[in-house]
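Only one structure is covered here, and it is reproduced in the block below.
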Amino acid sequence: MDAYAVARLIEDIGATSSRTEKERLTKTLAESDIGKFVLSYAYNPFITYGITPVISENAGKFRFEFKQSLVEPLLKKLANRQLTGMAAEREIGEVMGALNEDGQRLLFLILSKDLKCGIAENTINQAMPGLVPVFSVQRAHPYEAKRLKPGKVYKGEFKLDGQRNTFLCKDNNGGFFTRSGKRVPALDFLVPIVMQAAFYAVSAASPELKAFLRRDGEEVLNFMLDGEAMMGLFEDTGAFRRKEADAIGSELHLYDFLGYDDFDAVGSVGPILEVRRKALAEFVQHAKKALAGSANADAIQIVPQVFINNDAEAQAFFERARSMTLAKYLARGNAEREAELLKVTIDRATGEPKILEGAVIKDPEAKYDKKKSYAWMKMKAEETIDLRITGAYPGELHTELENTLGGIQVLHGEVPVNVGGGYKRTERDELWELWQEDLKNGTLEVTKVENNKKRFDYTPNPGYTPKLVGRILEVEFMEVTPDGSLRHNRAIRFRDDKDGEIESKEAA
C-alpha cells in the first residue's frame, strides 16, 4: 500500500457511518506498514508535537510521495521538542513543500493527532490490538462502609477539587496528561521543574526509589507521578484547559507513584500502595531540596494520609475535610498565606471560600488498578455521576426559555434523563447554539420509552464531529429512582477531561 491508497482508505473510513465497516477498513489500513505508521503517530497519546499544524503556502513544490523515511525524522524531532517555535514551523514548511498533495494532507492529519475520519484509539485497537497505547489511571468507586474489613487499617486522603493530572516521563522526556490521556500544554512550564527534582532525586535516592525512577542498567528516567494540580493563588482550576496560558503559581499535589513500565502495563500493576507511598514520600523530600530557594520551592507537594480503622473514623475524616477551606489546606499552617488565599479561593456558586471536596479511603495493600477500583473509595457531599449527552430540548412555551436551552438529555444506563437545572442564562444560549449546529449536521430520532419519556438518538453526518452530543456532563442527584432515572438532578459541569472513561455506559 502506498500513500495514495492510504489517503483514499482514510476517506472511505470517514465516509461510512457503520462502526463495523470502520473497524474493517481500519484493520486493512493497520495491516500495511505505512498505514500502521500513520495510525501510530496520529493516535499514540504519548507522542505529541507541540504545534498547531497548517498546510504550508509552499506545499507541493517538489511533489515527493509521502514515505516514512522522509517524514519520521521530522516527527521525532517535534515529539522530543528538538524543534519548537519558528524553527518547527520552518522545517514543517520545508517537508510540506517537498510532498505531493496526498502527502501534505497525511502529514497535516498526523500533526493534528486526528485523521478526521471518525475513529479513535478503541477502534484502532479493535482492528489491531495493542497498536495504540491506551492511557488508563486508577479511579475511585463511591464509598461503601461494608467494604471496610474489620481489623484492617486503611489510609484516608483529602479529596482536593483541583485538576487531576498524571505526569509521565519516558526516556527523560516528560509531560502532563489528563485522566483520559490528553496532553495539558498549560502545565508544560512545570515539566522542567519536575524533571529538575527527578534528576536530583535519582542522584541521592535509595535503591528502592531508584527502581521507580529508572530501569536497571539505564541512565534515562522513566516514571509516572499521579496527583492533582492546584491553582494556588488563582481562582479557577479550569484555567488549566487554556493551552495558550501557563498556569503560573500552580502546585502539584501528589498521591501515587509508579515506574513507567508498570504504568504502561495492563490490570493491577506495580507494588502495593504502602510501598508506592514510601517511595513517593522520599521523592518529594528530595524534590523540596532540589527546589529550595527558588521561585518554585513549593511546586511539588504530597497529599497527607491518616489512618482509618473503621467507618466511624472514615466519616469523621470526611467531616474534617468538608470543614477545611481550600485556603487552609494550601497554606500549610502559614496564617498570612491562608488569609491571602481566602480572598481568591472563592466558590463562584456560593460566594463563600471553597472547601475541600471530600475524602478518599484507600487500601494500603492494593496494587495500582488501571480502572475503577474499590481499593480507592471516594466520599463526597452529594452523589454525582458522569454521563454522555444524547441531545437537548428547549424551555417550555411562553417562558423566557422557550427559544433557548431548557435542558440537556443524558443516558443513565438505558434510561434517558433530562437535566434542566444548573446552567447560567448565558450558558443556555451558548449550548443551544451548539445543539442547533449538531442538528444541522446530523439526524435525530426521537422515540417514546417507559413513563412516556422521549429518548434522543443522534447520528452525525459522515466527517462531522458533534459540538454538544457525546460530551460528558457531571450530574448531581439525590438518588436513583426505581425506573433508573435521577431524582433532583442538576448539571454541575462538563467533564471533557474524562472523555474516553465511560465504561459499559456507567459513569467514570
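Position 390 (the sequence shown) corresponds to 382 in our numbering; numbering is contiguous.
Where a beta carbon is used, it is the ideal one built from N, C-alpha and C, also for glycine.
Quick caveat, the model's predicted, so the values are computed rather than measured.
To the nearest angstrom, how far is the alpha carbon of residue i from that of residue j?
{"i": "residue 363", "j": "residue 258", "result": "10 angstroms"}
{"i": "residue 242", "j": "residue 154", "result": "10 angstroms"}
{"i": "residue 453", "j": "residue 3", "result": "14 angstroms"}
{"i": "residue 399", "j": "residue 450", "result": "16 angstroms"}
{"i": "residue 369", "j": "residue 353", "result": "5 angstroms"}
{"i": "residue 102", "j": "residue 7", "result": "19 angstroms"}
{"i": "residue 279", "j": "residue 294", "result": "11 angstroms"}
{"i": "residue 255", "j": "residue 434", "result": "39 angstroms"}
{"i": "residue 45", "j": "residue 104", "result": "6 angstroms"}
{"i": "residue 351", "j": "residue 146", "result": "12 angstroms"}
{"i": "residue 77", "j": "residue 178", "result": "16 angstroms"}
{"i": "residue 213", "j": "residue 379", "result": "37 angstroms"}
{"i": "residue 447", "j": "residue 180", "result": "42 angstroms"}
{"i": "residue 114", "j": "residue 464", "result": "18 angstroms"}
{"i": "residue 478", "j": "residue 404", "result": "8 angstroms"}
{"i": "residue 429", "j": "residue 462", "result": "14 angstroms"}
{"i": "residue 226", "j": "residue 332", "result": "With a pLDDT of only 44 at residue 226, under the threshold of 50, the placement of this residue in the model should not be trusted; the figure read from the coordinates follows. The alpha-carbon atoms of residue 226 and residue 332 are separated by roughly 11 angstroms."}
{"i": "residue -6", "j": "residue 107", "result": "17 angstroms"}
{"i": "residue 88", "j": "residue 59", "result": "12 angstroms"}
{"i": "residue 260", "j": "residue 158", "result": "17 angstroms"}
{"i": "residue 42", "j": "residue 309", "result": "42 angstroms"}
{"i": "residue 56", "j": "residue 90", "result": "6 angstroms"}
By the three-class DSSP mapping on this structure, what secondary structure does residue i have?
{"i": "residue 278", "result": "helix"}
{"i": "residue 19", "result": "helix"}
{"i": "residue 385", "result": "strand"}
{"i": "residue 185", "result": "helix"}
{"i": "residue 485", "result": "strand"}
{"i": "residue 5", "result": "helix"}
{"i": "residue 12", "result": "helix"}
{"i": "residue 78", "result": "helix"}
{"i": "residue 325", "result": "coil"}
{"i": "residue 261", "result": "strand"}
{"i": "residue 435", "result": "strand"}
{"i": "residue 478", "result": "strand"}
{"i": "residue 206", "result": "coil"}
{"i": "residue 84", "result": "helix"}
{"i": "residue 347", "result": "strand"}
{"i": "residue 256", "result": "coil"}
{"i": "residue 138", "result": "helix"}
{"i": "residue 398", "result": "strand"}
{"i": "residue 200", "result": "helix"}
{"i": "residue 26", "result": "helix"}
{"i": "residue 40", "result": "coil"}
{"i": "residue 232", "result": "Its pLDDT being 44, under 50, residue 232 is placed unreliably in this model, and the coordinates cannot settle the point."}
{"i": "residue 360", "result": "strand"}
{"i": "residue 392", "result": "coil"}
Could you work out which residue in the options is closest to residue i when comparing CA atoms only?
{"i": "residue 123", "options": "448, 19 and 416", "result": "19"}
{"i": "residue 339", "options": "2, 317, 329 and 442", "result": "317"}
{"i": "residue 117", "options": "32, 179 and 446", "result": "32"}
{"i": "residue 481", "options": "383, 412 and 130", "result": "412"}
{"i": "residue 264", "options": "435, 66, 11 and 361", "result": "361"}
{"i": "residue 217", "options": "11, 177 and 169", "result": "169"}
{"i": "residue 289", "options": "15, 189, 111 and 199", "result": "189"}
{"i": "residue 416", "options": "484, 291, 88 and 401", "result": "484"}
{"i": "residue 425", "options": "87, 292, 58 and 385", "result": "385"}
{"i": "residue 112", "options": "88, 5, 274 and 73", "result": "5"}
{"i": "residue 286", "options": "16, 185 and 128", "result": "185"}
{"i": "residue 194", "options": "246, 282 and 150", "result": "282"}
{"i": "residue 12", "options": "110, 92 and 73", "result": "110"}
{"i": "residue 9", "options": "455, 474, 488 and 211", "result": "455"}
{"i": "residue 131", "options": "436, 406, 359 and 476", "result": "359"}
{"i": "residue 522", "options": "210, 129 and 164", "result": "Lying outside -7 to 500, the shown extent of the chain, residue 522 is not represented and no answer is given."}
From the DSSP secondary-structure annotation, give me the bridge partner or partners of residue i.
{"i": "residue 149", "result": "297 and 352"}
{"i": "residue 166", "result": "161"}
{"i": "residue 464", "result": "380"}
{"i": "residue 133", "result": "369"}
{"i": "residue 403", "result": "408"}
{"i": "residue 251", "result": "215"}
{"i": "residue 447", "result": "439"}
{"i": "residue 245", "result": "220 and 293"}
{"i": "residue 452", "result": "434"}
{"i": "residue 472", "result": "478"}
{"i": "residue 56", "result": "91"}
{"i": "residue 175", "result": "169"}
{"i": "residue 155", "result": "221"}
Check whether the Cβ of residue i lies closer than 8 angstroms to any heavy atom of the ligand COA, and answer yes or no.
{"i": "residue 450", "result": "The model on display carries no ligand, and the ligand COA is accordingly not part of it."}
Between the region 192 to 203 and the region 294 to 308, are three or more C-beta pairs nearer than 8 angstroms? They do not touch, by the three-pair rule.
Taking one C-beta from the region 83 to 99 and one from the region -3 to 11 each time, how about it: are there three or more such pairs within less than 8 angstroms? Short answer: they touch.
Does the region 381 to 400 touch the region 419 to 435, meaning 3 or more C-beta pairs lie closer than 8 angstroms? Touching, yes.
Do three or more CB pairs link the region 11 to 26 to the region 457 to 473 at distances below 8 angstroms? The answer is no - the region 457 to 473 does not touch the region 11 to 26, with fewer than three Cβ pairs under 8 angstroms.
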